[in-house]
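Q: Line by line, the protein sequences are chains F and P. Each residue of the first sequence is one higher than the last, beginning at 15 in my numbering. Each residue of the second sequence is one higher than the last, beginning at 15 in my numbering. Where a beta carbon is used, it is the ideal one built from N, C-alpha and C, also for glycine. It should be emphasised that the depicted structure is a prediction, and the values quoted were computed from it without experimental measurement.
Protein chains: 2
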Amino acid sequence: MQNKITELFKIKYPIIQAGMIWNSGWKLASAVSNSGGLGLLGAGSMYPDVLRQHIQKCKKATSHPFGVNVPMLYPNIEEIIQIIIEQGVKIVFTSAGNPKIHTERLKKNGIKVAHVISSVKFAAKAQEAGVDAVVAEGFEAGGHNGREETTTFTLIPMVKEKIQIPLIAAGGIATGKGMLAAMVLGADGVQIGSRFVASEESSAHINFKNKVIEAKDGDTLLTLKELAPVRLLKNKFSNDVLELYKRNPSKQDLIDLLGRARAKRGMFEGDLEDGELEIGQITGLINKIQPASKIVKEIISEFDFEKNNLKGTMF
Amino acid sequence: MQNKITELFKIKYPIIQAGMIWNSGWKLASAVSNSGGLGLLGAGSMYPDVLRQHIQKCKKATSHPFGVNVPMLYPNIEEIIQIIIEQGVKIVFTSAGNPKIHTERLKKNGIKVAHVISSVKFAAKAQEAGVDAVVAEGFEAGGHNGREETTTFTLIPMVKEKIQIPLIAAGGIATGKGMLAAMVLGADGVQIGSRFVASEESSAHINFKNKVIEAKDGDTLLTLKELAPVRLLKNKFSNDVLELYKRNPSKQDLIDLLGRARAKRGMFEGDLEDGELEIGQITGLINKIQPASKIVKEIISEFDFEKNNLKGTMF
Chain F
15 MQNKITELFK IKYPIIQAGM IWNSGWKLAS AVSNSGGLGL LGAGSMYPDV
65 LRQHIQKCKK ATSHPFGVNV PMLYPNIEEI IQIIIEQGVK IVFTSAGNPK
115 IHTERLKKNG IKVAHVISSV KFAAKAQEAG VDAVVAEGFE AGGHNGREET
165 TTFTLIPMVK EKIQIPLIAA GGIATGKGML AAMVLGADGV QIGSRFVASE
215 ESSAHINFKN KVIEAKDGDT LLTLKELAPV RLLKNKFSND VLELYKRNPS
265 KQDLIDLLGR ARAKRGMFEG DLEDGELEIG QITGLINKIQ PASKIVKEII
315 SEFDFEKNNL KGTMF
Chain P
15 MQNKITELFK IKYPIIQAGM IWNSGWKLAS AVSNSGGLGL LGAGSMYPDV
65 LRQHIQKCKK ATSHPFGVNV PMLYPNIEEI IQIIIEQGVK IVFTSAGNPK
115 IHTERLKKNG IKVAHVISSV KFAAKAQEAG VDAVVAEGFE AGGHNGREET
165 TTFTLIPMVK EKIQIPLIAA GGIATGKGML AAMVLGADGV QIGSRFVASE
215 ESSAHINFKN KVIEAKDGDT LLTLKELAPV RLLKNKFSND VLELYKRNPS
265 KQDLIDLLGR ARAKRGMFEG DLEDGELEIG QITGLINKIQ PASKIVKEII
315 SEFDFEKNNL KGTMF
């Protein structure tokens with residue numbers, strides 16, 4: 015079966031594994047691509063040289079398409095884009111920045127571009143900038159997140175009304191039912207993050223993976239809105255942030271508390287107390303660590319089952 | 015066609031019209047019930063005597079089941095429950111409080127009870143308290159809202175895992191596609207608020223209805239979390255609240271700013287500047303004022319079309 019997203023990226027299933035910092039290296043991306051989805055490397059936590067190595071290893075590990083997620087506010091953005099072009103990567107997901115700046119150049123180099131947005135206005139701007147697809151990410155998503163706090167359930171149909179290019183839903187999706195619901199709301203495909211954090215191939219620390227499969231509803235919060243809103247597991251660090259807020263902090267106070275490398279410390283090094291543990295609300299539904307191939311297979315099998323049985327089993 | 019919700023309430027379609035303050039009087043509730051859904055009176059903005067009149071008028075206006083939404087922190091709660099029993103109302107939706115206190119008494123009087131929650135924990139407690147159904151309301155919903163900020167897309171499947179009684183989804187639902195998506199995620203029925211605000215029969219002021227159909231994504235915010243989190247349209251009042259927050263206000267400062275009757279002033283009297291305008295994020299998808307019967311018909315017709323065509327039209 016084919017749809018806009020599988021055709022665009024030449025993949026089997028319209029499932030994109032999010033290019034998450036400290037989680038999405040070549041092992042995860044190639045495993046997802048080998049399973050029929052689209053694996054993304056997370057350039058946001060890689061020095062340019064490290065990214066080059068991950069791209070090269072990913073090419074060896076899969077003959078299927080894979081891509082790179084690039085936060086455009088990255089300090090070495092020029093070098094990163096140069097490496098992507100030089101290495102012949104064919105798919106780039108851009109986020110956190112203006113899609114006008116790099117889309118044309120990427121497309122001239124034969125690269126398909128998807129851009130992550132969290133509002134209708136920026137979806138329209140991304141389409142205008144010539145991107146091939148839009149990722150609409152809801153408030154429930156883990157990690158960095160929109161200021162408007164619009165949820166997946168409401169964002170997808172509102173974006174769908176205003177754009178004609180393919181639409182990928184992100185935020186809150188971890189199962190075949192979630193995928194089907196997102197597509198009923200208007201998405202052509204889904205980007206899945208949290209569930210792939212709890213994969214065997216994710217480069218997250220095992221402490222973090224274990225925390226993700228234990229977490230329940232209400233265990234995350236969106237905070238640090240004055241810097242860039244980010245959704246985290248509640249822990250000592252997030253409590254420290256809330257304590258600081260009680261004292262009416264300046265932006266600099268927040269920057270000082272955040273410090274450097276909090277996300278690495280939490281997700282990659284496994285410091286569950288003082289690290290930043292980025293994860294989505296749907297963590298409450300994730301309760302085992304599985305191979306990425308199993309995750310893709312389960313999602314597709316549940317999706318198919320639900321889709322084919324809707325007519326008979328529901329009001 | 016029948017399901018758990020239509021059987022429980024003896025209605026044709028599993029669509030519940032939310033019992034919203036200043037919007038949901040006998041005209042709206044009876045119009046929805048006459049259209050095959052379940053209309054609810056919003057007791058939260060009615061003095062006991064006013065509620066009695068609305069119940070009596072509703073009984074005259076429809077021979078179909080209707081109910082009353084009762085916020086349990088209401089000052090005259092005893093009198094309200096007495097009137098409901100005395101008037102022979104057969105369905106009560108309770109919110110904002112402990113379902114243990116009144117459920118047994120209501121059920122002894124032959125009343126079906128649904129309880130509104132915003133977390134898995136309180137869904138389980140409601141089931142334990144013996145309610146007949148749970149309404150799980152996501153972060154995107156208008157008006158008063160949960161502290162956990164869990165969205166509809168993630169709350170529904172997480173609640174579904176933990177309860178066996180019928181589950182009604184609320185928050186972000188305004189269309190047949192939204193209804194179908196909610197049911198794919200695990201709901202047996204849906205509660206719809208914002209779209210019925212923009213109905214001819216809603217008792218909201220025309221200024222407020224017009225504002226609802228003009229609003230776009232990003233035009234609401236959740237605020238006043240220290241009192242009770244509430245989702246509002248952004249306006250002068252909500253800006254005043256944000257200004258006050260910059261000065262590190264005490265809870266009393268917030269209570270003082272809110273003052274009395276803000277919601278009535280905004281939604282019922284049409285003061286778009288200084289009134290409190292409670293509405294959900296899905297307001298961005300609502301663009302016309304229609305008769306309630308047309309709203310129900312459109313939702314069901316879109317729901318049926320999408321459900322029957324899923325198999326053929328989607329990946």
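Under 7 Å Cβ to Cβ from residue 154 of chain F, same chain only, skipping five residues before and after it: list those, please.
A: Around residue 154 of chain F: 165, 166, 185, 186, 294, 295 and 296.
Q: Using a Cβ-Cβ cutoff of less than 8 Å, which residues in the same chain neighbour residue 59 of chain P once the five nearest sequence positions on both sides are dropped?
A: So the list reads 35, 36, 277, 278 and 282, once near-sequence residues are dropped.
Q: Determine, using beta carbons only, whether residue 230 of chain F comes closer than 8 Å to chain P.
A: Yes, because at least one Cβ of chain P sits closer than 8 Å to the Cβ of residue 230 of chain F.
Q: Quick one: Cα of residue 315 of chain P to Cα of residue 190 of chain P, how far?
A: Whole-angstrom Cα-Cα distance: 7 Å.
Q: Does the region 211–220 of chain F come close enough to the region 261–276 of chain F that 3 or more CB-CB pairs lie under 8 Å?
A: The region 261–276 of chain F is not in contact with the region 211–220 of chain F.
Q: For residue 56 of chain F, which three-state DSSP category applies?
A: Of the three classes helix, strand and coil, the one that applies to residue 56 of chain F here is strand, per DSSP.
Q: Have a look at residue 147 of chain F and residue 63 of chain P and give me their C-alpha separation to the nearest angstrom.
A: When rounded, the distance between both Cα atoms is 56 Å.
Q: Can you tell me where the beta strand (DSSP E) with residue 183 of chain F in it begins and where it stops?
A: Unbroken beta strand (DSSP E) run through residue 183 of chain F: 181–184.
Q: Would you list, in sequence order, the uninterrupted beta strand (DSSP E) runs of no fewer than 3 residues that lie entirely inside the region 241–271 of chain P?
A: You should have 244–247.
Q: Which of the three DSSP states is assigned to residue 204 of chain P in this structure?
A: Note: residue 204 of chain P maps to strand in three-state DSSP.
Q: Do you know offhand how far residue 110 of chain F's Cα is from residue 87 of chain F's?
A: Taking the straight line from one Cα to the other gives about 6 Å.
Q: With distances taken Cα to Cα, identify the nearest neighbour of residue 160 of chain F among F:249, F:98, F:174 and F:130.
A: Of the candidates F:249, F:98, F:174 and F:130, the one whose C-alpha sits nearest the C-alpha of residue 160 of chain F is F:130.
Q: Please name the residue, chosen from F:79, F:39 and F:51, that lies closest to residue 61 of chain F on a Cα-to-Cα basis.
A: Checked all of F:79, F:39 and F:51; the closest Cα to residue 61 of chain F is F:39.
Q: Do you know offhand how far residue 43 of chain P's Cα is from residue 182 of chain P's?
A: Their backbone Cα atoms lie some 18 Å apart in a straight line.
Q: Shortest alpha-carbon distance to residue 118 of chain P belongs to which of P:102, P:140 and P:132?
A: The shortest Cα separation from residue 118 of chain P among P:102, P:140 and P:132 belongs to P:140.
Q: Name, in chain order, the residues that DSSP records as bridge partners for residue 107 of chain P.
A: Residue 107 of chain P is bridged to P:83 and P:128.
Q: Between P:188, P:255, P:229 and P:144, which has its C-alpha nearest residue 180 of chain P's C-alpha?
A: Taking only the C-alpha atoms, the option nearest residue 180 of chain P is P:144.
Q: Please report the straight-line C-alpha distance between residue 299 of chain F and residue 188 of chain F, rounded to a whole angstrom.
A: Residue 299 of chain F and residue 188 of chain F: Cα-Cα distance of roughly 8 Å.
Q: Within 10 angstroms of its Cβ, does residue 261 of chain P collect 16 or more other Cβ (buried), or is it exposed?
A: Burial call: exposed.
Q: Between the C-alpha atoms of residue 264 of chain F and residue 232 of chain P, what's the straight-line distance to the nearest angstrom?
A: One C-alpha to the other measures close to 25 Å.
Q: Going by the CB atoms, is the gap between residue 291 of chain F and residue 280 of chain F shorter than 8 Å?
A: Cβ distance < 8 Å, so residue 280 of chain F and residue 291 of chain F count as in contact.
Q: Starting from the C-beta of residue 171 of chain F, find all residues in its chain whose C-beta is less than 8 Å away, skip the five residues before and the five after it, and write them out in chain order.
A: So the qualifying residues of the chain are 199 and 200.
Q: Of all the alpha helix (DSSP H) runs that stay within the bounds of the region 271–304 of chain P, which reach a length of 4 or more residues?
A: Whole alpha helix (DSSP H) segments, 4+ residues: zero.
Q: Once DSSP output is grouped into helix, strand and coil, what is the label at residue 196 of chain F?
A: In the structure shown, residue 196 of chain F sits in a helix (DSSP, three-state: H, G or I).
Q: Leaving aside the five residues before and after residue 330 of chain P along the sequence, list all residues of the same chain whose C-beta is less than 6 Å from its C-beta, in chain order.
A: No answer is possible for residue 330 of chain P: it lies beyond the span of chain P, which begins at 15 and ends at 329.
Q: Thinking just about the alpha-carbon of each residue, which of F:236, F:237, F:230 and F:221 is nearest to the one in residue 285 of chain F?
A: The residue with the shortest Cα to Cα distance from residue 285 of chain F is F:221.
Q: Can you tell me the Cβ-Cβ gap for residue 83 of chain F and residue 202 of chain F, rounded? I've got them flagged as a contact below 8 Å.
A: At roughly 19 Å, the Cβ-Cβ gap does not stay under 8 Å, so residue 83 of chain F and residue 202 of chain F are not in contact.
Q: Which bits of chain C does residue 107 of chain F rub up against, with CB to CB less than 7 Å?
A: Absent here is chain C; the protein component of the structure consists of chains F and P.
Q: If you draw a straight line from the alpha carbon of residue 226 of chain F to that of residue 301 of chain F, how long is it in whole angstroms?
A: If I take the Cα positions, the gap works out to 8 Å.
Q: Express the C-alpha separation of residue 98 of chain F and residue 149 of chain P in angstroms, rounding to a whole number.
A: The alpha-carbon atoms of residue 149 of chain P and residue 98 of chain F are separated by roughly 48 Å.
Q: Along the chain, where does the beta strand (DSSP E) containing residue 237 of chain P start, and where does it finish?
A: It spans 234–237 - the beta strand (DSSP E) in which residue 237 of chain P sits, taken as one unbroken run.
Q: Helix, strand or coil for residue 219 of chain F? Go by DSSP, reduced to three states.
A: If DSSP states are grouped into helix, strand and coil, residue 219 of chain F belongs with coil.
Q: Cα separation between residue 248 of chain P and residue 237 of chain P?
A: Each residue's Cα considered, the two are about 10 Å apart.
Q: Taking the alpha carbon of residue 52 of chain P as the point to measure from, which residue in P:81, P:125 and P:100 has its own alpha carbon closest?
A: Out of P:81, P:125 and P:100, P:81 has the C-alpha closest to the C-alpha of residue 52 of chain P.
Q: Determine whether the beta carbon atoms of residue 205 of chain P and residue 95 of chain P lie at a separation below 8 Å.
A: In this structure, residue 95 of chain P does not lie closer than 8 Å to residue 205 of chain P by Cβ.
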